[in-house]
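Chemist: Structure below; questions to follow.
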Amino acid sequence: MVYVPSEHSSSTYGKGMENALSNTTTAGLSTETKINIPFNHNLTTNQELEYIREALLSGRTSGDGSFTKKCKAWLEQQTGCASALITHSCTAALEMAAILANIQPGDEVIMPSYTFVSTANAFVLRGGVPVFVDIRPDTLNIDETCIEAAITSRTKAIAPVHYAGVSCEMNAIMAIAQEHDLLVIEDAAQAISAQYHGKPVGTMGHMSALSFHETKNIMSGEGGALLINDRTLLERAEIIREKGTNRSKFFRGELDKYTWVDVGSSYLPSDLIAAFLLAQLEQSEYLLKRRGDIWNYYHETFAVLEAQGLVRRPQIPAHCQHNGHIYYLIVQDLETRTALMAHLKAKGIQSTFHYVPLHSAPAGLKYGRAVGSMEHTDRLSDCLIRLPLGSAMSMQEATQVSTAVLEFLLP
Ligand SMILES: *Cc1c(COP(=O)(O)O)cnc(C)c1O
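Each residue of the sequence shown is one higher than the last, beginning at 10 in the working numbering.
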């Protein structure tokens with residue numbers, strides 16, 4: 010296969026990304042500095058267009074066509090999950106998970122506050138209550154030792170988020186879930202191809218949600234998948250995804266007509282999107298390698314800053330294999346971060362920070378509650394800066410970024 014980078018592959022220039030990731034914020038994009046190095050620049054190749062053309066010419070562009078089936082098979086084969094249901098976003102997959110988990114008004118779901126809004130919203134839409142706990146200072150993942158104190162008689166599920174494609178402590182989390190009879194719904198939006206003790210991330214909980222948003226490692230513009238690991242959820246998952254009907258069974262010839270049997274909605278992507286996604290999945294090794302090379306370059310280059318106590322670099326536990334989704338630095342304080350982002354911006358380098366913690370956000374206060382100290386969440390969300398990273402980024406661009414960071418931070 011020939012890989013031909015296309016220059017316009019990811020248009021996260023300017024305002025678009027702020028809309029896409031609402032509790033993520035880019036550096037003052039309102040003014041007119043030219044962006045030379047965008048925050049997110051992912052590679053597409055001729056293969057995406059080739060498959061999209063094929064899907065168009067087939068005359069079959071709605072959901073669950075041949076490309077959707079191939080994406081499903083690819084994910085099932087790679088992860089070993091019982092079923093991979095392709096959706097139009099990770100948000101949609103999380104909403105399906107909330108319905109599957111039978112979340113009723115007042116039911117509680119324990120999750121980190123340091124996450125994207127969709128982790129919480131999916132449950133709030135069903136009347137559920139997000140119960141926020143703090144994160145670990147090393148991986149920025151949910152602190153598994155905070156979970157038990159947050160369990161009440163209303164707790165239904167735990168929603169760990171694998172931040173930056175580094176797995177949460179799933180052995181501990183699954184043990185707690187088993188003891189208290191809770192479901193585990195993994196927000197694996199950032200974690201495709203990551204591993205925990207050699208197991209694919211997204212296959213340890215009862216179900217997990219992946220994202221193929223433009224900003225993720227593997228993308229289809231918008232896109233997602235719900236991986237089902239608990240086979241007892243399989244039949245209902247198909248029904249929820251097909252507007253509450255048993256149409257999937259009908260299409261397989263298992264029924265002679267299909268009908269409305271449960272609640273549901275439309276969670277299928279068009280086969281045009283699946284065509285885009287299949288091309289990306291098939292090249293995933295190459296795309297992840299390109300990202301990983303930049304991640305490793307940054308990591309080595311910034312060792313000198315960490316040695317001098319000026320920043321903290323990402324920490325990857327030995328039993329976790331990450332996927333290079335995010336490169337971040339933790340700087341001393343909010344002032345340093347603001348000044349560093351301005352310095353980068355003046356050089357045409359786009360950087361971002363996240364997350365505005367959910368527990369203290371207006372909707373978080375209204376719909377959820379926090380348990381225990383949020384010390385790490387609050388501090389790290391003030392001090393974390395994300396550097397440009399994407400499969401279309403060149404080493405030369407990475408060098409420009411690291412030079413600008415070093416010249417600002419080194420005394
Ligand atoms: C990107 C992301 C989502 C949302 O993904 P979409 O596909 O845009 O709906 C949810 N959770 C986390 C942690 C994410 O990073």
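Ideal placement from N, C-alpha and C gives every residue a C-beta, glycine not left out.
1. Rounded to whole angstroms, what's the CA-CA distance from T345 to L319? Just pull it up for me.
2. Whole alpha helix (DSSP H) runs in the segment 231-267 with 4 or more residues, listed along the chain?
3. What's the C-alpha gap between I61 and C155?
4. Can you find the residues in the same chain that come closer than 6 Å, C-beta to C-beta, to G399, ignoring five residues on each side of it along the sequence?
5. Label D190 either buried or exposed according to how many other C-beta atoms from any shown protein chain fall within 10 Å of its C-beta, with 16 as the threshold for buried.
6. At what residues does the alpha helix (DSSP H) containing D196 begin and finish?
7. Here's the rule I'm using: 16 or more other beta-carbon atoms within 10 Å means buried, otherwise exposed. How should G377 be labelled?
8. For L277 versus S71, is the C-beta distance shorter than 9 Å?
9. One question on the structure: do D271 and I249 come within less than 9 Å of each other, judged by their Cβ atoms?
10. Is it buried or exposed, R256, if we count other Cβ atoms within 10 angstroms and call 16 or more buried?
11. If you draw a straight line from the C-alpha of V313 to the C-alpha of Q324, how long is it?
12. Is R163 helix, strand or coil when you go by DSSP?
13. Helix or strand or just coil, what does DSSP make of E294?
14. On the three-state DSSP scale, how would you describe Q317?
15. For P459, count the other beta carbons within 10 Å of its own beta carbon; 16 or more makes it buried, fewer makes it exposed. Which is it?
16. Is S127 a contact residue of ligand 1, with contact defined as CB to any heavy atom under 8 Å?
17. Quick one: grab the DSSP three-state call for Y205.
18. Given a threshold of 16 other Cβ atoms within 10 Å of its Cβ, counted over all protein chains shown, does P366 qualify as buried or as exposed?
19. Going by alpha carbons, who is nearest to I95 out of H171, S229 and S176?
20. Residues in its own chain within less than 7 Å of V210 by CB, not counting five upstream and five downstream?
21. Within the continuous beta strand (DSSP E) that includes A91, where are the two ends?
22. Pull up the DSSP beta-bridge partners for V270, would you.
23. How many Å lie between T186 and M179 at the Cα?
24. DSSP state of A107, grouped into three classes?
25. Should P114 go down as buried or exposed, given a rule of 16 or more other Cβ atoms within 10 Å for buried?
26. Using a Cβ distance threshold of 8 Å, determine whether the segment 115-132 contacts the segment 347-357, with at least three qualifying pairs required.
27. Could you tell me which of N111, K356, P47 and W304 sits nearest to H331, measuring between CA atoms?
28. Using alpha carbons as the reference points, say which of V414, K165 and E294 lies closest to Q87.
29. Between A91 and H363, what straight-line distance do the alpha-carbon atoms span, to the nearest angstrom?
30. Could you round the C-beta distance between T386 and Y123 to whole angstroms and report it? I think they count as a contact, below 8 Å.
31. Who are the near neighbours of R69 in its chain, counting only those whose CB is closer than 8 Å to its CB and skipping five residues on each side?
32. Does any heavy atom of ligand 1 sit closer than 8 Å to the C-beta of L396?
33. Quick one: does H368 have its CB under 9 Å from some CB of chain C?
Modeler: In brief:
1. Working through the sequence shown from its first residue, we reach residue 345 at position 336. Working through the sequence shown from its first residue, we reach residue 319 at position 310. Going by the C-alpha atoms only, they are around 10 Å apart.
2. 243-250 and 256-260
3. Counting from 1 along the sequence shown, the entry for residue 61 is found at position 52. Counting from 1 along the sequence shown, the entry for residue 155 is found at position 146. I61 and C155: Cα-Cα distance of roughly 46 Å.
4. As a first step, residue 399 is located in the sequence shown; it is residue number 390 there, counting from the start. Excluding residues within five positions, the ones whose Cβ falls inside 6 Å are N49, H50 and N51.
5. The count along the sequence shown starts at 1 and reaches residue 190 at position 181. So D190 counts as exposed.
6. The residue you call residue 196 lines up with position 187 of the sequence shown. Here D196 belongs to no alpha helix (DSSP H); instead the beta strand (DSSP E) covers L192 to D196.
7. Position 368 of the sequence shown, counted from the first residue, corresponds to residue 377. Buried, because 16 or more other Cβ atoms sit within 10 Å of the Cβ of G377.
8. In the sequence shown, counting from the first residue as 1, residue 277 sits at position 268. In the sequence shown, counting from the first residue as 1, residue 71 sits at position 62. Yes, the Cβ-Cβ distance between L277 and S71 is below 9 Å.
9. Residue 271 sits at position 262 when you count from the first residue of the sequence shown. Residue 249 sits at position 240 when you count from the first residue of the sequence shown. Yes, they are a contact pair.
10. For the purposes of this step, residue 256 is identified with residue 247 of the sequence shown, where counting begins at 1. Classification of R256: buried, given that the 10 Å Cβ count is 16 or more.
11. Indexing the sequence shown from 1 puts residue 313 at position 304. Indexing the sequence shown from 1 puts residue 324 at position 315. Taking the straight line from one Cα to the other gives about 15 Å.
12. The count along the sequence shown starts at 1 and reaches residue 163 at position 154. Reduced to three states, the DSSP call for R163 is coil.
13. On the sequence shown, residue 294 is found 285 positions in, with the first residue counted as 1. Note: E294 maps to helix in three-state DSSP.
14. Working through the sequence shown from its first residue, we reach residue 317 at position 308. Coil at Q317, not helix or strand.
15. The structure shown does not extend to residue 459, since the chain spans only 10 to 420, so no value can be given for it.
16. The count along the sequence shown starts at 1 and reaches residue 127 at position 118. Because some heavy atom of ligand 1 lies under 8 Å away, the Cβ of S127 counts as near it: yes.
17. Residue 205 sits at position 196 when you count from the first residue of the sequence shown. Note: Y205 maps to strand in three-state DSSP.
18. Against the sequence shown, residue 366 aligns to sequence position 357. Counting Cβ neighbours within 10 Å, P366 comes out buried, since at least 16 surround it.
19. Here residue 95 is taken as the residue at index 86 of the sequence shown, counted from 1. Selected option, being the one with the closest Cα: S229.
20. To locate residue 210, count along the sequence shown from 1; it is residue 201. Same-chain partners within the cutoff: H171, S176, A197, A200, A203 and Q204.
21. Against the sequence shown, residue 91 aligns to sequence position 82. That residue, A91, is in no beta strand (DSSP E); it is neither H nor E in DSSP.
22. Working through the sequence shown from its first residue, we reach residue 270 at position 261. None, per the DSSP bridge assignment.
23. Here residue 186 refers to the residue found at position 177 of the sequence shown. Here residue 179 refers to the residue found at position 170 of the sequence shown. In the sequence on display, residue 186 carries Ala and not Thr. Cα to Cα, A186 sits roughly 10 Å from M179.
24. Here residue 107 refers to the residue found at position 98 of the sequence shown. Looking at A107 - three-state DSSP - the assignment turns out to be helix.
25. Position 105 of the sequence shown, counted from the start, is the residue given in the question as residue 114. Label assigned to P114: exposed.
26. no
27. One-based indexing of the sequence shown puts residue 331 at position 322. Considering only alpha carbons, the answer is W304.
28. Working through the sequence shown from its first residue, we reach residue 87 at position 78. Of the listed residues, the one whose Cα sits closest to Q87 is E294.
29. Position 82 of the sequence shown, counted from the first residue, corresponds to residue 91. Position 354 of the sequence shown, counted from the first residue, corresponds to residue 363. One C-alpha to the other measures close to 33 Å.
30. Residue mapping note: residue 386 aligns to position 377 of the sequence shown, counting from 1. Residue mapping note: residue 123 aligns to position 114 of the sequence shown, counting from 1. Yes, they are in contact, since the Cβ atoms of T386 and Y123 sit about 5 Å apart, within 8 Å.
31. In the sequence shown, residue 69 corresponds to position 60, counting from 1. Same-chain partners within the cutoff: S75 and D280.
32. The sequence position of residue 396 within the sequence shown is 387, counting from 1. Result no, Cβ not under 8 Å from ligand 1.
33. Of the chains in the structure shown, none is chain C; there is only one protein chain.
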